[in-house]
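Working notes, beginning with the structure itself.
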Amino acid sequence: MNIAMMSQTLFYLIEQQPASQKAVDYLHQQVDLYHQNQQTSMFYRVFTAMPRFVGKQPIDVPADMAFTLERLRSGFQVKGWTMDRLARVWWLLQLPADNETTYVGTITQLFKAGELNELVALYSALPVLAFPEAWRFQATEGIRNNIADVQSAIMLHNPYPADYFDEAAWNQLVLKAFFTDKDVTQITGLDERKNARLAQTLADYAAERRAAGRTLPPNIERLLA
Amino acid sequence: MNFMDSIAGMSFFDMHVHMISRTTDDYQAMADAGVVAVVEPAFWMGQPRTGVDSFRDYFATLVGWERFRASQFGVRHYCTIGLNSKEANQEALAEQVMEILPLFIYKEGVVGIGEIGFDDQTRAEEKYYRAQLDLAKEASLPVQIHTPHRDKKKGTSRSMDIAIEHGLEPGMVIVDHNNEETVREVLDRGFWAGFTIYPFTKMGNERMVEVVKQYGPERIMINSAADWGVSDPLAVPKTAALMKQHGISGEAIKLVTFGNAITAFAQSGQLSLDDLLQPMSIDQSQRFNGSSVLRGGQAPRIDKEATIIK
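Protein sequence lines, in the order shown, are assigned to chains A and B. Here the numbering used here is used: the first residue of the first sequence is 1, the next is one more, and so on. Here the numbering used here is used: the first residue of the second sequence is 1001, the next is one more, and so on.
Here's what the structure looks like:
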């Protein structure tokens, strides 16, 4: 994926949002400052303080923009996002990707200190970050997270897991989605990554639900075959 | 009928409850319902810890402030110490935690290594599960195993296979969070079978009554696993009341809600029936490192019957 083009496209989408002039001015100003002097503390400040300056209203995603995003990064979509989430993902793409250790280390600190909405943005960004192989473990931590919105950010409408998870991690994602009442039909790559081990584990789960006198979650039969 | 009436005079041992997440009202209610002792297994916080110092402070709290807090309500507090399976996946941190575990597992009142086992059943989880089984063996401590929510049946079998591979006697291992699908194998192989009465995600207590009817009380024990989620710290006394209603004998109820857990954890040498039978004086004006459970101006022991809250 071309990070510069993705960054441009996301910024164009920010500009298209109604009443976004103040946010756009702010982001222009910040990115200029950051390019003059790439201080990590500034990178963190802008990421963290984002909602104060761009707001949290839901964004509109015109069909042509959705199409462009999909073409730049297969499976990547921003439908249903809020302005702060979009701006944060765009901001992450401003981090220089010339040194993998520095790049991964800098973003890992954001994950460690992240609150709910920051984590949602960070996991949403995984498909468009540099060094995609480096985020495998972090992505599984998102599945392990206990907060529904964070889980959804990595489990649903996110192409990263289907592209980079091994079978065990993938199966854990699908199982956890059933356990946490997610709409599994929103998992990107659900049918493509069907496998025999997952079917067996889900069959055991179905048996356990029946033994407990509980109903089966919707769509489970789709993966049993 | 109020469940409290049918269990008057009975004593309970909740062998898995995360009191650090509960309030003093819970301690009070548990004490009033006859819970005389608890085991608090080390677990995660609901979100990942990011440094070894968080683990150190948490373990120190379990053997320190939390035990003191329990004592202020007449509840004896024991704990099991370990690196939980979820956090075993952060390997660099897990290594650091393994280094400090020996500082805690030999402390007074630590009745086992726990809760350890599998969550996602990853390679890292297996590595630290095995390492902690070795630690338990070396320290001659019982092991409290958390069985996974997902892929439970296979995860439970695998946990037991590995414990045996590491030379642990099944009688030193409490396999927790069982259900109808796992209980037979756990009992057949000679392990202790813990059951967690936890709304919606684990066992309901009507199902628990059926399990005890079918398998009898030997080597079965129940707990609340109450924590920061929607859970019930009175699950053990309530289930005892329900068993009584359904005609399960007093002796069987006592084994499942009290006796078996004592027998299992007494193997640590850190707990005995005699200890539990000693009268415990409650003096809420006592202090722990200068701190009391009472805040400025509070009177010890709240009168639960009073409507007015001063």
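A virtual CB, placed ideally from N, CA and C, is assigned to each residue, including glycine. Source: prediction; values computed, not measured.
Does DSSP put residue i in a helix, a strand or coil?
i, result
"Arg-209/A", "helix"
"Thr-1196/B", "strand"
"Pro-161/A", "helix"
"Pro-132/A", "helix"
"Gly-1112/B", "strand"
"Ser-1291/B", "strand"
"Ile-1007/B", "coil"
"Asn-117/A", "helix"
"Val-24/A", "helix"
"Phe-1073/B", "coil"
"Thr-82/A", "strand"
"Asp-1120/B", "coil"
"Val-1230/B", "coil"
"Val-1097/B", "helix"
"Val-1143/B", "strand"
"Pro-96/A", "coil"
"Pro-127/A", "helix"
"Pro-51/A", "helix"
"Leu-202/A", "helix"
Does chain A have any CB closer than 8 Å to the CB of residue i?
i, result
"Asp-1151/B", "yes"
"Gly-1290/B", "no"
"Pro-1041/B", "no"
"Asp-1120/B", "yes"
"Arg-1207/B", "yes"
"Gln-1047/B", "yes"
"Glu-1181/B", "yes"
"Lys-1107/B", "no"
"Thr-1196/B", "no"
"Lys-962/B", "An answer regarding residue 962/B cannot be provided, because it is not within the stretch 1001 to 1310 covered by chain B."
Please report the residue range of the beta strand (DSSP E) in which residue i lies.
i, result
"Ala-1037/B", "1035-1041"
"Thr-1257/B", "Segment: none, Thr-1257/B is in no beta strand (DSSP E) and carries neither H nor E."
"Gln-109/A", "Not the beta strand (DSSP E): Gln-109/A falls in the alpha helix (DSSP H), residues 100-113."
"Arg-1150/B", "Looking at the DSSP string, Arg-1150/B is not in any beta strand (DSSP E), and its letter there is neither H nor E."
"Arg-1076/B", "1076-1081"
"Ile-154/A", "Taken as a continuous stretch (DSSP letters only), Ile-154/A belongs to no beta strand (DSSP E), being part of the alpha helix (DSSP H) at 148-155."
"Ile-14/A", "Element bounds for Ile-14/A: not the beta strand (DSSP E) but the alpha helix (DSSP H), 3-16."
"Ile-1222/B", "1220-1223"
"Ile-1174/B", "1173-1176"
"Asp-191/A", "Run containing Asp-191/A: none; DSSP gives neither H nor E here."
"Asp-1014/B", "1012-1014"
Any beta-carbon of chain B closer than 8 Å to the one on residue i?
i, result
"Arg-144/A", "yes"
"Thr-203/A", "Just to set this straight, residue 203/A is Ala in the shown sequence, not Thr. Ala-203/A does not count as touching chain B."
"Lys-176/A", "yes"
"Lys-194/A", "no"
"Gln-172/A", "yes"
"Lys-112/A", "yes"
"Ala-121/A", "no"
"Glu-133/A", "no"
"Glu-141/A", "yes"
"Ala-228/A", "What is shown of chain A runs 1 to 225, which leaves residue 228/A out entirely."
"Ala-49/A", "no"
Quick one: residues in its chain with C-beta nearer than 6 Å to the C-beta of residue i, no 5 flanking neighbours on either side, listed in chain order?
i, result
"Gly-75/A", "Pro-159 and Thr-188"
"Ala-153/A", "Val-120, Tyr-123 and Ser-124"
"Phe-1104/B", "Phe-1059 and Ile-1081"
"Trp-1228/B", "Ser-1021 and Gly-1046"
"Ala-228/A", "The requested residue 228/A does not occur in the structure, where chain A is confined to residues 1 to 225."
Which two residues bound the contiguous alpha helix (DSSP H) that contains residue i?
i, result
"Phe-1059/B", "1052-1063"
"Val-1212/B", "1205-1215"
"Phe-179/A", "167-179"
"Thr-67/A", "Per the sequence shown, residue 67/A should be read as Phe rather than Thr. Residues 63-72."
"Asp-183/A", "Segment: none, Asp-183/A is in no alpha helix (DSSP H) and carries neither H nor E."
"Asp-1032/B", "1024-1032"
"Asp-1188/B", "1183-1188"
"Asp-60/A", "Careful: Asp-60/A lies outside any alpha helix (DSSP H) and carries neither H nor E."
"Ala-19/A", "Run containing Ala-19/A: none; DSSP gives neither H nor E here."
Between residue i and residue j, how many whole angstroms is the CB-CB distance? I'm expecting something under 8 Å.
i, j, result
"Val-1236/B", "Thr-1257/B", "5 Å"
"Val-1143/B", "Gln-1270/B", "14 Å between Cβ atoms; not a contact."
"Leu-86/A", "Val-78/A", "6 Å"
"Asp-84/A", "Pro-51/A", "4 Å"
"Arg-1219/B", "Leu-1187/B", "6 Å"
"Val-54/A", "Tyr-26/A", "7 Å"
"Ile-1162/B", "Tyr-1215/B", "Ile-1162/B to Tyr-1215/B, Cβ: 24 Å. No contact."
For residue i, which residues in the same chain have their Cβ closer than 8 Å to its Cβ, ignoring the five residues on either side in sequence?
i, result
"Val-46/A", "Gln-30, Tyr-34 and Trp-91"
"Tyr-1106/B", "Ala-1139"
"Phe-1118/B", "Ser-1085, Glu-1125, Glu-1126, Tyr-1129, His-1146, Thr-1147, Pro-1148, Gly-1155, Arg-1158 and Ser-1159"
Report all residues from its chain with a CB closer than 7 Å to the CB of residue i; omit the five preceding and five following residues, and keep chain order.
i, result
"Glu-1066/B", "Met-1019, Ile-1020, Glu-1040 and His-1077"
"Asp-1176/B", "His-1016, Glu-1115, Gln-1144, Ile-1145, His-1146, Thr-1147, Gly-1194 and Thr-1196"
Does at least one heavy atom of the ligand MN sit under 7 Å from the Cβ of residue i?
i, result
"Pro-1048/B", "By its list of ligands, the structure shown contains no ligand whatsoever, and the ligand MN lies outside what it can speak to."
Using the beta-carbon of each residue, which ones in chain C are nearer than 9 Å to residue i?
i, result
"Phe-179/A", "No chain C is part of this structure, whose protein chains are labelled A and B."
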